[in-house]
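Inspection log for the structure reproduced underneath, given as structure tokens.
Number of protein chains: 4
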Amino acid sequence: MKMAMQRIKTAIVGASGYTGSELLRLLLQHPHVDLCAVTSRQEAGKAISALFPRFRSLPGADLAFMEPDADAIAATGAQVAFLALPHGVAAEIATALLARGLKVIDLSADFRIHDPGVYQEFYQHPHPAPELLKSSVYGLAEMYEKEIAAASLIAAPGCYPTSILLPLIPLLRANLLDPHSIIANSMSGVSGAGKKADTAYLFCECNESLRAYGLPKHRHLAEIEQELSLAAGEKLRITFIPHLVPVNTGIHSAITASLRAGVTLEQIGNALENAYAGKPFVRLLGAGVCADTKNVTRTNFIDIGWHHDARTGRVILTSAEDNVVKGAGGQAVQSFNLIFGLDEKAGLHSV
Amino acid sequence: MKMAMQRIKTAIVGASGYTGSELLRLLLQHPHVDLCAVTSRQEAGKAISALFPRFRSLPGADLAFMEPDADAIAATGAQVAFLALPHGVAAEIATALLARGLKVIDLSADFRIHDPGVYQEFYQHPHPAPELLKSSVYGLAEMYEKEIAAASLIAAPGCYPTSILLPLIPLLRANLLDPHSIIANSMSGVSGAGKKADTAYLFCECNESLRAYGLPKHRHLAEIEQELSLAAGEKLRITFIPHLVPVNTGIHSAITASLRAGVTLEQIGNALENAYAGKPFVRLLGAGVCADTKNVTRTNFIDIGWHHDARTGRVILTSAEDNVVKGAGGQAVQSFNLIFGLDEKAGLHSV
Amino acid sequence: MKMAMQRIKTAIVGASGYTGSELLRLLLQHPHVDLCAVTSRQEAGKAISALFPRFRSLPGADLAFMEPDADAIAATGAQVAFLALPHGVAAEIATALLARGLKVIDLSADFRIHDPGVYQEFYQHPHPAPELLKSSVYGLAEMYEKEIAAASLIAAPGCYPTSILLPLIPLLRANLLDPHSIIANSMSGVSGAGKKADTAYLFCECNESLRAYGLPKHRHLAEIEQELSLAAGEKLRITFIPHLVPVNTGIHSAITASLRAGVTLEQIGNALENAYAGKPFVRLLGAGVCADTKNVTRTNFIDIGWHHDARTGRVILTSAEDNVVKGAGGQAVQSFNLIFGLDEKAGLHSV
Amino acid sequence: MKMAMQRIKTAIVGASGYTGSELLRLLLQHPHVDLCAVTSRQEAGKAISALFPRFRSLPGADLAFMEPDADAIAATGAQVAFLALPHGVAAEIATALLARGLKVIDLSADFRIHDPGVYQEFYQHPHPAPELLKSSVYGLAEMYEKEIAAASLIAAPGCYPTSILLPLIPLLRANLLDPHSIIANSMSGVSGAGKKADTAYLFCECNESLRAYGLPKHRHLAEIEQELSLAAGEKLRITFIPHLVPVNTGIHSAITASLRAGVTLEQIGNALENAYAGKPFVRLLGAGVCADTKNVTRTNFIDIGWHHDARTGRVILTSAEDNVVKGAGGQAVQSFNLIFGLDEKAGLHSV
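One line per chain: the protein sequences are D, V, Y and U, in this order.
Last residue of the first sequence: number 351 in our numbering, and the count goes up by one each step with no gaps.
Last residue of the second sequence: number 1351 in our numbering, and the count goes up by one each step with no gaps.
Last residue of the third sequence: number 2351 in our numbering, and the count goes up by one each step with no gaps.
Last residue of the fourth sequence: number 3351 in our numbering, and the count goes up by one each step with no gaps.
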């Protein structure tokens, strides 16, 4: 097949953090990618393999980081750019790259929220490029496969939202839950905080520590509630409690909701199985099984289990994913694969 | 003061596990304890310091483990025995020791549940000594101080229940919450699983792993619901989601409940402050502050913070304790101090 | 190329432990392997994916564990068997499988030691199949490539030995070191202890613990000294200090030796570079660079750095590998690739 | 006893890092300390309990950090100051405080090296106060008890040096070892790197990572070789290999040396037992026993075991200590106790 030999010239903008390095790992090994540009303001001039000795054996790892300049990136022939930048910053370079004809897969929050007012409420500054919101597609591949394939600008979902949306959306679409009863408790590995010089994320501050944070209005609520409301067909709000726990990567979410009267566990199972038949990265564990992040770390899988708390009339959903793979870089590569007509699993099988 | 010089002859029955070794740590250093007997079926004959080199410098650490025999324990002159045994096993020796005139502080579940039917429902066997349930006191010192002081048989609360009950009871007593809306998400360190040769708790099975377990009907629900129902003045049920996370010790609970109409954050704070004024081991962090286990590990404190999720009308309570101290051995020593008229903090100040 | 399509029918005997599960991970994803039999006495009848949910998405993961019976394994058409069994046990089934015409790649210590007297000294029982020692090949692919390719019975090296031999052999062959001055300090992740129900390896016994063990005569000394003596051309003995440290996988070795008079750092570098030119899994970090296990975990690489301690006339070598990959399963697959004429890197590239 | 009621007015200069917070923990609970001043440039104005919620229950924890000004410190009536500052900075304030009549216990390297030339060689700048070197005493209480009791300026030993000197000094003094054969391999918890905003010590950079660093000439060699040379009665040099490993606190050292001809394991044991009889914080584990940091963390003990590697004629010593207690704050408090004529164990018993 001709497509199998195709190599897409690809850039990563902001490749020195944890999401960036996961993109490097995936794209340096992707059979259809020719990595032609990687940027980092602070590491410009250094080779990928110098910053990340883990990758020193991979072809392409001698590529040097460059400054994040849209013209320079376009000049490398890049057809697509992944952006692993802080929110607010991403929108600016996205605009410039789109204007130069590149596809853009943005891993920041900048294009996830349809309503610029909601963006401003949660991110505390006016949206930097509101006109682009109309064309951006929320990159949850299991839900928006066709839209992603046709898009120029993808907003890859946040790590927590992915772990909460995939278990819930099919159940809300099937009208099995009271949409106002949802409470999500999530635990994240420390890579979720990013690779920044902040004493709060030093080894000794996180090891042997369990803590909630970001209460009661974590930014990810904006996209979680947007997508859940779309699924429920009505505006809803949830309580979301994120925790920081001492693992490198991994997100575990335990989600409760009251079942609509008469809804059975079988209906829960059916709704999930119907939604994810043929979806290669969602693994349904079945009723009575709990998800465990150690089964999904460094993979693009999300595992989902469910329990009926018959005593209280609630369903308990548990999900496990790797926050930097399915919750970030891997999911972004899934969108890439769809955009370029590749096998959705290309570059993402490894377990 | 004369009391200050008093030394109470004390036994620990089942001193080789994680709860037992925490009791050893506390009691070997307690100013009013003369540890006269420690038992362990599998370690009988060995010195404490041989099994636990950490304690080798403490006076008394050359005491040898003996077989768990009630007559032999009584013969050492023990006035009181702490039991750190599996449920079902504890009741039998408790009965024998009480008959020999010892006070008993039991850390198993055997005497926590007032209703033997509920015990049987959750522990899957008939209660082994139902007649003792009438006189046993639930050893939550912040709630039952007077009853504990007068008791011969204390049922020290479970680790999870302590972390859930202390934040909630004052709010239910003050009628601030919808009692049917409570959901508790807890994370526990691996010591909570006990020191047993089970591959599920090997380092490599727990490190870099996040998982829920025991869904939907963990045994601790029995005592949690018993005590919350008493506080609420009506029968209630909650959803409880325990998780196993890679720390040695520490329990973090995040608890949500719907506020009764019109209830303010100030009322929440007042109820907690009124309940815990003068209680030395409850540290109220205040509104808007999250608890962190690293501030309480190896201490008998429980830290409690709270947030108002105004968007959904819920309160979010977070608590942090050390599961083997405040959640087990330390709390049991608190009861011991109350029984023998000692300062409640004796042997428990160290930070 | 015709070879590219070849699939070798392969068995894993003893596939339920940490080495076994790493072999499963590698062989289920190996492009030239058709996994036809996996055995486990205690898990017989269960599917691979039931025991290891991580692998549930891989083709072949529904294969069920069978009892370890040589006839039954041969009946599956297996051409080769990997043995991940305790020493002593491995020899017996190896003999039976060889008799049935299979190639055998044994990951135990049973065929590593040429001299049955040394085996008995270190393993405390007579060698169970001394006649096979003549034909077995020590599976250190960087040193015995040709012999491996021609062998029917491979003794895959131990995890510590691999990390110590690869840095030292080229320097001893080049006569750069005083062979009687070698001291190796190694740290291993807890997977090195195996997946056995032993309280010594519980999470709480290993986390926040640093300890040496196995002093002064760890079993791996037998093969280390055998191979170093061969490289030096004279009988030598070393001091070896293994440590258990709280990581899942990874071995780090720091090795010191006195330099022969006049030997320069450049000669050290040259000897290593000459030895490992074209060897795909040895990554020489250069002079002045320290190895770090986090750059090699879950890969088949070993990273090696070196320093000149000019003040004392010693060289300090540091190496890092993953104990269950390069130190066990991955290295065994390297031998497999050589035996079957495949690309040495087949199934082993992933980073 | 009158002394028992004495409370010494005490300051901590630089109390916001890991060593500083350990000093806070020890001194806030010390029965003879009245903590009257704590300084931190960046936290000035904040209460101790605000920065360290762990301490919020301790009397004195509402004391506010002040700027590090010698006059202001002296004005609080402080009789003694502990300095937990970077090298170079410590000397300046030490000079000023000594001039104001305070005793100074410095935890930096500034006063550990007798020879300012060696200081300059290892610390790369001229010694900031060479005249004070004559009167400063190296605060290794087990070796310099009398000198410490009489001193005004103590240089508390480094964390690694403590773990290496205590096992070796008695053996060198007894002339049992070849002094030129010593190699020390040490592993340190991440708190040893200090509480600084440096991405190298983020959780994800240290967790699941094993690495050596600081080769071949770590700064601690200066004081290690100074003290070992004094013990041996001749100038010696050692090879020292420090490693960073994923625990919060703890140092484990494994030290090898060639035994002088004819030296027996019994002589090793005798020399250690003679040296440490009556020394409360050195716990000799005996021949054939390995030290484990989990037995000493959060205590002021150092555990020492030894093995005879008869095959090579070497002794292997293992030691375990807590790097922020016996290796820093606790050891400094030991000196404090000696200076003020208190029980050497005051404030340091807790296990």
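Beta carbons are placed, not taken as given, at the ideal position from N, Cα and C, and that holds for glycine.
No experiment lies behind these values; they were computed from the predicted model shown.
For residue i, does the three-state DSSP call read helix, strand or coil?
i, result
"C3206 of chain U", "helix"
"N3274 of chain U", "helix"
"M2003 of chain Y", "At M2003 of chain Y, the pLDDT of 47 sits below 50, so the modelled position is not reliable; the number obtained from the coordinates is stated separately. In the structure shown, M2003 of chain Y sits in a helix (DSSP, three-state: H, G or I)."
"Y1138 of chain V", "strand"
"F3055 of chain U", "helix"
"N300 of chain D", "coil"
"L1102 of chain V", "coil"
"T1239 of chain V", "strand"
"N185 of chain D", "strand"
"G2286 of chain Y", "strand"
"F1336 of chain V", "helix"
"R1173 of chain V", "helix"
"K9 of chain D", "strand"
"D1343 of chain V", "coil"
"I2113 of chain Y", "coil"
"E3043 of chain U", "coil"
"F3065 of chain U", "strand"
Out of the options, which has the shortest C-alpha to C-alpha gap to residue i?
i, options, result
"G286 of chain D", "D:C36, D:T318, D:T249", "D:T318"
"T2297 of chain Y", "Y:T2264, Y:A2193, Y:N2248, Y:A2277", "Y:N2248"
"F3301 of chain U", "U:D3309, U:E3147, U:D3292", "U:D3292"
"A2150 of chain Y", "Y:Y2160, Y:Y2138, Y:C2159", "Y:Y2138"
"K3196 of chain U", "U:L3132, U:A3075, U:S3016", "U:S3016"
"N1337 of chain V", "V:L1024, V:I1238, V:V1033", "V:V1033"
"V289 of chain D", "D:G347, D:I304, D:I48, D:H180", "D:I304"
"N2175 of chain Y", "Y:L2259, Y:M2143, Y:E2147", "Y:L2259"
"K3235 of chain U", "U:H3180, U:G3189, U:A3254", "U:H3180"
How close, in whole Å, do the beta carbons of residue i and residue j come, if the pair is a contact with beta carbons under 8 Å?
i, j, result
"R211 of chain D", "H243 of chain D", "6 Å"
"F1203 of chain V", "Y2201 of chain Y", "6 Å"
"N295 of chain D", "P2157 of chain Y", "Their Cβ separation, rounded to whole angstroms, is 30 Å, which puts N295 of chain D and P2157 of chain Y out of contact at 8 Å."
"T2239 of chain Y", "I2164 of chain Y", "At roughly 11 Å, the Cβ-Cβ gap does not stay under 8 Å, so T2239 of chain Y and I2164 of chain Y are not in contact."
"A61 of chain D", "I48 of chain D", "5 Å"
"D2309 of chain Y", "P3216 of chain U", "4 Å"
"R3056 of chain U", "R1283 of chain V", "6 Å"
"A2231 of chain Y", "R2314 of chain Y", "In fact, because the Cβ distance is near 18 Å, the residues do not count as touching under 8 Å."
Residues within the region 2190-2219 of chain Y neighbouring chain V, beta-carbon criterion of under 8 Å: V2190, S2191, K2195, K2196, A2197, D2198, T2199, Y2201, L2202, F2203, C2204, E2205, C2206, N2207, E2208
Residues of the region 2007-2036 of chain Y whose Cβ lies closer than 9 Å to any Cβ of chain V, in chain order: Y2018
Do the region 2216-2225 of chain Y and the region 2268-2279 of chain Y touch if we need at least three Cβ pairs shorter than 8 Å? no
Check whether the region 3006-3016 of chain U and the region 3067-3086 of chain U touch, using three or more Cβ-Cβ pairs below 8 Å as the test. yes
Are three or more beta carbon pairs between the region 1036-1046 of chain V and the region 1056-1065 of chain V nearer than 8 Å? yes
Near-chain Y residues of the region 3173-3192 of chain U (beta-carbon distance less than 7 Å), N- to C-terminal order: I3183, N3185, M3187
What are the residues of the region 1225-1248 of chain V that lie near chain Y, defined by any Cβ-Cβ distance shorter than 9 Å? P1246, V1247, N1248
Can you give me, in chain order, the residues of the region 2245-2273 of chain Y that have a beta carbon less than 9 Å from any beta carbon in chain U? V2245, P2246, V2247, N2248, T2249, G2250, I2251, H2252, A2254, T2256
Quick check: the region 2118-2133 of chain Y against the region 2088-2095 of chain Y, are there 3 or more CB pairs under 8 Å? yes
May I ask you to verify whether the region 18-28 of chain D touches the region 330-347 of chain D, counting CB pairs closer than 8 Å and requiring at least 3? yes
Of the residues that make up the region 3033-3061 of chain U, which ones have a beta carbon closer than 7 Å to any beta carbon in chain V? P3053, R3054, F3055, R3056, S3057, L3058
So, do the region 1166-1180 of chain V and the region 1256-1271 of chain V have three or more beta carbon pairs nearer to each other than 8 Å? yes
What residues in the region 101-129 of chain D have a beta carbon less than 8 Å from any beta carbon of chain Y? none
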